[in-house]
Amino acid sequence: MRLVFGPDDLEAYAAVRDRLRLHIVAWARRRGMHVEPSLVAAALDHKHGVDGRLGHWTRAHVADALAIWFPRTVALLEDDREAVPVALHALVGFLADQDWLDPRSDAPGDLHAQITDSTPALHDALDDERNHDLGTFWAVQMLRHGVPTADPAAVARFLTQVHTGELQIDRAALAEITRRQRIEEPDAPAEPPELTAELRPVLLPGAARMLAAADSSTALARLRAFTRWVRAGRAVTREGKLLLGDAKAVADALDLDHFSRDRARTSDELPEITLLMAWARQARLVRVVHGRLIQVRSSAPLLSRPIELWKRAFEAIGGIGEHFGGSNVFGAPSLFGMSLGDAFPILLRLLYAAGGDPIPVELFHRVVRDTVNRRMGCVVDDLAGDAEHRLWRRDVTALLDALELLGAVHLEESLDGDNHDQLSALAGRDDPDPTLVSLTPIGLWGVAELLTEQGVHVPQVGELVEEEIEYVCVRVSRLRREVAEAELTAWVQARRPRAAAQEILRYLQRAEDVTHRDLAVFALSRAGTPAREVARYRRDRPSGVPAHWTPSPGSPTRLECDARIRPA
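So, in structure tokens, the structure goes:
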């Protein structure tokens, strides 16, 4: 029986909740207790909403459920109140009897005592209808007047009677609930969900691997060579650009701008040199002083420190967006009202959230559009024509090429024809960009450093060592296998091998999900368990209730479980 769920595991949770409430009701019936199934389900819903850990209960969880959550969200009549603490007693008793309360839970006796202590608070809260939320308030009124909530005509007739004054309700309580909900209701999210999702831990490279990556970076070699070419100084135009002769000379020395070197009439017509100079200036390797381009003296030591130089160059990319092709349209910063410099952090977060896996460039385009549209309150990008769209995409391509030159990303094309429809849906056009982009190991490190400096929490491997094993298995099941194994290894190493093995074995007695079992067995192998014993657990089926479990004779049916007391 699975007891830990993420916020997106709604279908898996619903199936377990139905099975678990049937177990609890049957367990209570054998002990002469009458338990309302829907209230057991409501208590489980509360815990799922708090942290997704159905087996983790503390006195604070119990007190919050009785004093706040049930009065606010569950429609209860006067005769139903006593059933709430009974349901919680049965839930705690069943979990304790099965040894399913996790190690961080309070003792069962303490939990039962808290249920008794908090029952008066439940009654006090239910006596004041202002403690309901809006949906619960109306559900209670309809229950009180015998209105079948599944009948739209009956509900409409009831609302009409309330509006005309034929039926009386506590309008002062309704006004207070409405006022409070207006204050508590969050505004529409300012950012698309892709930018607010929780980041996942990744495996960052060691110093030797980063040093090798920085030494092999094409962009770093060019920046170093350009900075040394500048030496004591080079004359620049009034606009701060290289003279044509110097630009051609450095292009020849660095073997750049092959197709435009001979035809160029100004240094602006040498795009690779223009970008390189802008990049070096943004990285504070060179600067313009009194009409000359000179080296920044304090940055000279960086030329012989590859990792520090790489980080400086990586951070500088976000500030040279306007030099990637200049897509200013009608005076606006860009097609979407967002410059590449503003969009760069969006790209980095999307890439880091993928944990090194490739994402389509079209996802980045879509998230940028959604971000601007939310900020402006309208569909801004619809106002742009096809030419403006292509300018923006050209500049994004140049940005990605620069990141690839630095060695921060890997670019590839999606060759799977089945992905075309998905890319088209993301792009909103029939000719989507097939490019997939992923962070390299040193790129992951660079983004982690940037996010940390911005105050963003970047999860690290080992942060889950204090958690119980099921929680760790569920959390790491969505990570790359090597990251999951590193997290489980750290979990085992944080406790005595015997204690780790015992906790894992208790979990394996009820674990049903194949992926979660496989991860737990891996952790067992790291706890010093003999290989023969590990192989047996890898081979055996779960000893808990199988997936095709059906209630035994005498257990309440689904119809009985869906009684009239429901969460609103």
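Numbering (the numbering used here), first residue to last: 575 to 1142.
Where is the CB? At the ideal position from N, CA and C, for every residue including glycine.
*If we ignore side chains and look at the alpha-carbon of each, how far apart do R646 and D1092 end up?*
40 angstroms
*On a CA-only basis, which of D701, A1068, D619 and D653 is nearest L662? Give me that one, please.*
D619
*What residues in its chain sit with their C-beta under 7 angstroms from that of S872, if we drop five residues either side in the sequence?*
none
*Can you check DSSP and say which residues form a bridge with P934?*
L1010
_beta strand (DSSP E) runs contained entirely in the stretch 974-1053, provided each spans 3 or more residues_ = 983-987 and 1009-1013
*Would you please state the rounded distance, in angstroms, between the beta carbons of A1094 and L1082? I believe it to be under 8 angstroms.*
6 angstroms
_C-alpha distance - D744 paired with T738, whole-angstrom precision_ = 14 angstroms
*For R837, which residues from the same chain have a beta carbon less than 8 angstroms from its beta carbon, with the 5 sequence-adjacent residues on both sides left out?*
E843
*Assign E1077 to one of two classes, buried (16 or more other C-beta atoms within 10 Å of its C-beta) or exposed (fewer than that).*
buried
*asked:* Taking contact to mean 3 or more Cβ pairs, one atom from each stretch, closer than 8 angstroms, check whether the stretch 784-801 and the stretch 999-1018 are in contact.
replied: yes
_Test item: CB-CB of Y926 and V1050 under 8 angstroms_ = no
*Count the other CB atoms, across all protein chains shown, that sit within 10 Å of the CB of G1027; report buried if there are 16 or more and exposed otherwise.*
For the sequence presented, residue 1027 should be read as Glu rather than Gly. Under this definition E1027 is an exposed residue.
*Report the residue from V824, T840 and I891 whose alpha carbon sits nearest the alpha carbon of A852.*
I891
*Where does A1121 sit, in a helix, a strand or coil, going by DSSP?*
For A1121, the pLDDT reaches just 37, beneath the cut-off of 50, and the residue's location in the model is therefore unreliable, although a value from the coordinates is still provided. Of the three classes helix, strand and coil, the one that applies to A1121 here is coil, per DSSP.
_Whether I1043 touches A1109 by CB criterion (8 angstroms)_ = no
*Tell me whether A649 sits in a helix, a strand or coil according to DSSP, three-state version.*
coil
*At a cut of 8 angstroms, does the stretch 764-779 reach the stretch 1024-1040 through at least three beta carbon pairs?*
yes
*Where in the stretch 1047-1098 do unbroken runs of the alpha helix (DSSP H), each at least 4 residues long, occur, reported from the N-terminal end onward?*
1055-1067 and 1071-1082
*Are at least three pairs of beta-carbons, each pair with one atom in the stretch 593-611 and one in the stretch 634-646, less than 8 angstroms apart?*
no
*Could you check what DSSP says for V658 in three-state terms: helix, strand or coil?*
helix
*Kindly list the residues whose CB is nearer than 6 angstroms to the CB of L867, restricted to its own chain and excluding five residues on each side of it in sequence; keep chain order.*
V804, R808, V810 and V860
*Expressed to the nearest angstrom, what Euclidean distance is found between the alpha-carbon atoms of H994 and H939?*
16 angstroms
*Using alpha carbons as the reference points, say which of R633, L717, L650 and A600 lies closest to G683.*
R633
*Do you know offhand how far R1080's Cα is from L769's?*
38 angstroms
*asked:* If you reduce the DSSP assignment to three classes, tell me which class A809 lands in.
replied: strand
*Please report the Cβ distance between P659 and T693, rounded to the nearest whole angstrom; I am assuming they are in contact, meaning their Cβ atoms lie under 8 angstroms.*
5 angstroms
*asked:* With a threshold of 7 angstroms on Cβ separation, who are the neighbours of P722 within its own chain once the five nearest residues in sequence on each side are excluded?
replied: A728
*Identify whether L817 lies in helix, strand or coil by the three-state DSSP scheme.*
coil
_Cutting at 6 angstroms between CB atoms, please list the residues of its own chain near P1006, excluding the five before and the five after it._
E936, L997 and S998
_Same chain only: Cβ atoms within 6 angstroms of R595, ignoring 5 sequence neighbours per side_ = P611, V614 and A615
*So, are the CB atoms of A793 and L584 less than 8 angstroms apart?*
no
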